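Asks:
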Amino acid sequence: MYYFGTNLDDRFSVPNFWPRPEECNKLPRDRDEVKAEYERIVARQRFRQAQLQEEQRQRALLQGNRNNGSDS
1 MYYFGTNLDD
11 RFSVPNFWPR
21 PEECNKLPRD
31 RDEVKAEYER
41 IVARQRFRQA
51 QLQEEQRQRA
61 LLQGNRNNGS
71 DS
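Note that the numbering used here numbers the sequence shown so that position 11 is 11, with each residue one more than the last.
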């Protein structure tokens, strides 16, 4: 499909397609920013690992209760 005209930008542009700079991720530039980002990532990993362990513990308890209830 070909289109020749003077209003290409108005006709084919999508408003707010690209995110604004304040909405984008920024690379850490200095040592303190890198350290803070590392600590944030480690804290998130520990939180997720704790959640996973808690879910596994709950599943084990539920399976244990099911097995004990079916023996009687």
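Think of the CB as a built atom: it goes at the ideal place given N, C-alpha and C, for glycine as much as any other residue.
Since the structure is predicted, the reported quantities are computational estimates derived from the model, not experimental observations.
On the three-state DSSP scale, how would you describe Val42?
Replies: Three-state DSSP puts Val42 in a helix.
Asks: Three-state secondary structure (DSSP) at Arg66?
Replies: If DSSP states are grouped into helix, strand and coil, Arg66 belongs with the helices.
Asks: Taking Cβ to Cβ, would you say Pro28 is nearer than 7 Å to Glu39?
Replies: Their beta carbons are not under 7 Å apart, which means Pro28 does not touch Glu39 by this criterion.
Asks: Do you know offhand how far Leu8's Cα is from Arg57's?
Replies: Using only the alpha carbons, I get a separation of about 60 Å.
Asks: Could you give the DSSP three-state label for Asp9: helix, strand or coil?
Replies: Correct three-state label for Asp9: helix.
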